[in-house]
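First up is the structure itself, then whatever we jot down about it.
Number of protein chains: 2
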Amino acid sequence: MKNENFFGAIEGGGTKFICAVADEHNAILREMRVPTALPQATLAACADFFLQAQHDLGELTALGIACFGPLDPRPTSPTYGQILATPKPGWENTDVLGFFRTALSTHLPIGFDTDVDAAVLAESRWGAGQGLSNLVYLTIGTGIGGGALVNGQLLHGYAHPEMGHILLPVHPADISFKGVCPFHGTCLEGLASGPAIEARWNQPAASLPQNHPAWQLEAHYLALGLVNICLTLAPERIILGGGVMNQSFLFPMIRSELTRLLGNYLQMPQIADMENYIVPTGLAGIAGLYGGLALAHQALQNQQ
Amino acid sequence: MKNENFFGAIEGGGTKFICAVADEHNAILREMRVPTALPQATLAACADFFLQAQHDLGELTALGIACFGPLDPRPTSPTYGQILATPKPGWENTDVLGFFRTALSTHLPIGFDTDVDAAVLAESRWGAGQGLSNLVYLTIGTGIGGGALVNGQLLHGYAHPEMGHILLPVHPADISFKGVCPFHGTCLEGLASGPAIEARWNQPAASLPQNHPAWQLEAHYLALGLVNICLTLAPERIILGGGVMNQSFLFPMIRSELTRLLGNYLQMPQIADMENYIVPTGLAGIAGLYGGLALAHQALQNQQ
Numbered sequence: 042m043k044n045e046n047f048f049g050a051i052e053g054g055g056t057k058f059i060c061a062v063a064d065e066h067n068a069i070l071r072e073m074r075v076p077t078a079l080p081q082a083t084l085a086a087c088a089d090f091f092l093q094a095q096h097d098l099g100e101l102t103a104l105g106i107a108c109f110g111p112l113d114p115r116p117t118s119p120t121y122g123q124i125l126a127t128p129k130p131g132w133e134n135t136d137v138l139g140f141f142r143t144a145l146s147t148h149l150p151i152g153f154d155t156d157v158d159a160a161v162l163a164e165s166r167w168g169a170g171q172g173l174s175n176l177v178y179l180t181i182g183t184g185i186g187g188g189a190l191v192n193g194q195l196l197h198g199y200a201h202p203e204m205g206h207i208l209l210p211v212h213p214a215d216i217s218f219k220g221v222c223p224f225h226g227t228c229l230e231g232l233a234s235g236p237a238i239e240a241r242w243n244q245p246a247a248s249l250p251q252n253h254p255a256w257q258l259e260a261h262y263l264a265l266g267l268v269n270i271c272l273t274l275a276p277e278r279i280i281l282g283g284g285v286m287n288q289s290f291l292f293p294m295i296r297s298e299l300t301r302l303l304g305n306y307l308q309m310p311q312i313a314d315m316e317n318y319i320v321p322t323g324l325a326g327i328a329g330l331y332g333g334l335a336l337a338h339q340a341l342q343n344q345q
Numbered sequence: 042m043k044n045e046n047f048f049g050a051i052e053g054g055g056t057k058f059i060c061a062v063a064d065e066h067n068a069i070l071r072e073m074r075v076p077t078a079l080p081q082a083t084l085a086a087c088a089d090f091f092l093q094a095q096h097d098l099g100e101l102t103a104l105g106i107a108c109f110g111p112l113d114p115r116p117t118s119p120t121y122g123q124i125l126a127t128p129k130p131g132w133e134n135t136d137v138l139g140f141f142r143t144a145l146s147t148h149l150p151i152g153f154d155t156d157v158d159a160a161v162l163a164e165s166r167w168g169a170g171q172g173l174s175n176l177v178y179l180t181i182g183t184g185i186g187g188g189a190l191v192n193g194q195l196l197h198g199y200a201h202p203e204m205g206h207i208l209l210p211v212h213p214a215d216i217s218f219k220g221v222c223p224f225h226g227t228c229l230e231g232l233a234s235g236p237a238i239e240a241r242w243n244q245p246a247a248s249l250p251q252n253h254p255a256w257q258l259e260a261h262y263l264a265l266g267l268v269n270i271c272l273t274l275a276p277e278r279i280i281l282g283g284g285v286m287n288q289s290f291l292f293p294m295i296r297s298e299l300t301r302l303l304g305n306y307l308q309m310p311q312i313a314d315m316e317n318y319i320v321p322t323g324l325a326g327i328a329g330l331y332g333g334l335a336l337a338h339q340a341l342q343n344q345q
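Chains as they are written, first to last, in the numbering used here: chain A, 42 to 345; chain B, 42 to 345.
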């Protein structure tokens, strides 16, 4: 390692890309935002930022790219580093990783993964999941997505998980609601994302008061999703983030509904201690860039 | 390693324990069955079998115990090796692993895990999942249970998964059926296990003809469960075993229903090749003992 290390991070979202350079203690030295336009323009602006930073500060030690999906996060795959079938115009099959390898350096360790995979890694290193090897991060916002750490490694099979789309029973009081997911209707995202709440109650989720019945139903659906995630992944902790979870009064509602739905089936100390089982992010406001940084650190370690 | 290796395997089920000793090519040299009575008697009979085998053949190289659950499969846990909260009289908190350590040898490498975890490991070594690092084995019989390999390792979090109990939407044509799971009613096991089929149609599953509507509904529920398992674990292949799957005509029905339910959402080559994605066990009739042998081989490798 050099005397001084600089880690690059990209938080690639559907509306903007945020780039940053941090020192090895995660202090952000500089930062830049660019709208998500067509890939060539957006990615070139990001590369220019890092080239300028390298000119001013010194060579990057590693780069991490936490990107919207679906994407191919498997290093052994022929399409590794690419964005896959996205509805975002122009981005399908974009080789994001290849672009930065060419623009920066073919020798630079670069990590590439989904925003939620990056988030669960960052939470395990610096946030609400420190010390745990089996962890889930679920974001509940415009969509619902999840990343998982299993035995200390990111869960990738044929690709990254898409646990926001698991199919759930519709609540009897909600039977007329058809869900907002264009693929599955009443999957978790179709029932419990921000747009689902807005579609069901005809007003934005954030404008609904705490005593509105919307929230009990929301807690129910999120708890249903968490039951299935618990039973399938047996995580030691589940971290909930995303815009909907800014309604922090949801946490106790979700915890008690999850306890009820599990029906005393899982007699595990982790689950009995529900306050420490279902928790908010430990990286509020900085989770995105920290995700990129976590991927950068992991890429460096994988190379060493 | 010695010149000649002998691997011990235990298939510990709710009605009987089967013990075997095999050579390193899995040729079974001797075998013994004993009813699952109270733990002390059953485990002592198993230990006697292995002691006699060691006397006749030579020392065991390793032992693998594939056992009914719930149990604690985590080596770092204080209750590692024990059966947990089981309804089976006398077996709760039985230290199965500790019993064999004491009865045989404290130095013997011993693997201990659930029957389904052992099965997915055996399938990945010698059966229908060879060469794959991300694999699910699901048994559909008296109950429904699943084991998963993630990044080549058995998935353990706070414990082993219990994916047979994920909650599913009840089919509109089945709305009067309350499910047979005492904990969750209409979870996957409550809707699609052998006893669920029997309770719904008032006759044993195996007696229902192939053209009975029971099977289309069964394929639907199993496919629903598989959708959620796919989206959460992203496995490269799913192996289905257990008594219900002896109705092999279910396989094409499940594959086409799974394709329909996924709604073209996962555009993965593995899933497009559905014939090689949802497959029967490659170890029919020998999966149980091979599970024990796989745990024995893994225990030896972990020690080396």
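Virtual Cβ for every residue (Gly too), placed ideally from N, Cα, C.
The residue among Pro-119/B, Leu-281/B, Phe-290/B and His-212/B with its C-alpha nearest the C-alpha of Val-320/B is Leu-281/B. Residues of the same chain with a CB within less than 6 Å of the CB of Ile-59/A, apart from the 5 flanking positions on each side, are Glu-52 and Arg-74 in chain order.
Within the stretch 246-289 of chain A, the complete alpha helix (DSSP H) segments at least 4 residues long are 254-274, listed from N- to C-terminus. The alpha carbon of Thr-155/B has as its nearest neighbour, out of Ala-325/B, Gln-194/B, Gly-333/B and Asp-64/B, the alpha carbon of Gly-333/B. If you compare the alpha carbons of His-201/A, Ile-185/A and Ile-238/A with that of Cys-271/B, the shortest gap goes to His-201/A.
Contact note: Glu-277/A reaches chain B through Gly-198 and Tyr-199, using a C-beta cutoff of 9 Å and chain order.
Taken through DSSP and simplified to helix, strand or coil, Asp-113/B comes out as coil. Taking 9 Å as the upper bound on Cβ-Cβ separation, chain A lies near residues Ala-189, Val-191, Asn-192, Gln-194, Leu-195, Leu-196, His-197, Gly-198, Tyr-199, Ala-200, His-201, Pro-202, Glu-203, Met-204, Gly-205, His-206, Ile-207, Leu-208, Leu-209, Pro-210 and Val-211 of the stretch 188-220 of chain B. Counting only Cβ-Cβ distances below 7 Å, Ile-270/A has contacts in chain B at Thr-273, in chain order. Beyond the five residues adjoining it in sequence on each side, Leu-330/A comes within less than 6 Å, by CB distance, of Ala-50, Glu-52 and Ala-61 in the same chain, given in chain order. Beta-bridge annotation (DSSP): Phe-153/B is paired with Ile-106/B. Contact annotation, Val-285/A with Gly-182/A: C-beta distance approximately 6 Å; criterion of less than 8 Å satisfied. Membership of Leu-232/B in the alpha helix (DSSP H) is indicated by the continuous run 229-233.
Counting along the chain, Thr-143/B sits inside the alpha helix (DSSP H) bounded by residues 137-144. Residue range 291-303 is occupied by the alpha helix (DSSP H) that includes Ile-295/A. Among the CB atoms of chain B, one or more fall inside 9 Å of the CB of Ala-126/A.
By the CB criterion at 9 Å, Leu-162/B and Leu-138/B fall outside the cutoff. Note on Gly-266/B: 16 or more other CB atoms within 10 angstroms of its CB, so buried under the neighbour-count rule. Taking a beta-carbon distance threshold of 9 Å, Tyr-306/B counts as an interface residue toward chain A. Exclusion of the five residues before and after His-212/A leaves Leu-258, His-261 and Tyr-262 as the residues of its chain whose Cβ lies within less than 8 Å of its Cβ.
In the structure shown, Tyr-331/A adopts helical secondary structure according to DSSP, grouped into three states. Rounded to whole angstroms, the Cβ separation of Gly-110/A and Ala-335/A is 17 Å, and the two are not in contact under 8 Å. Looking at the DSSP output, Ile-59/A bridges to Glu-52/A and Arg-74/A. Scanning its chain for C-beta atoms nearer than 6 Å, with the 5 sequence neighbours on each side dropped, one finds around Leu-179/A the residues Gly-187 and Leu-281, in chain order. Excluding residues up to 5 positions away in sequence, Ala-144 lie with their Cβ nearer than 6 Å to the Cβ of Ala-88/A in the same chain. Shown here, Ile-238/B sits in a helix according to DSSP, grouped into three states.
By the criterion of a C-beta distance shorter than 6 Å, Arg-296/B is surrounded in its chain by Met-315 and Ile-319, once the five residues flanking it on both sides are discounted. Gly-205/B carries a helical assignment under DSSP once its states are collapsed to helix, strand and coil.
Excluding residues up to 5 positions away in sequence, Arg-74, Val-75, Pro-76 and Thr-77 lie with their Cβ nearer than 8 Å to the Cβ of Lys-57/B in the same chain. For Ile-319/A, the uninterrupted beta strand (DSSP E) segment begins and ends at 319-321. Just so you know, the alpha carbons of Gln-288/B and His-338/A end up roughly 50 Å apart. The residues Asn-46, in chain order, have a CB closer than 6 Å to that of Glu-65/B in the same chain once the five nearest residues on each side in sequence are set aside. The residue from Ala-107/A, Thr-102/A, Leu-249/A and Asp-215/A with its alpha-carbon nearest to that of Asp-158/A is Ala-107/A.
For Thr-83/B, the secondary structure class from DSSP, reduced to helix, strand or coil, is helix. Contact fails between the stretch 294-310 of chain B and the stretch 120-133 of chain B, because fewer than three Cβ pairs, one in each stretch, are under 8 Å apart. Between Asp-113/A and Thr-135/A, the alpha-carbon positions lie close to 11 Å from each other.
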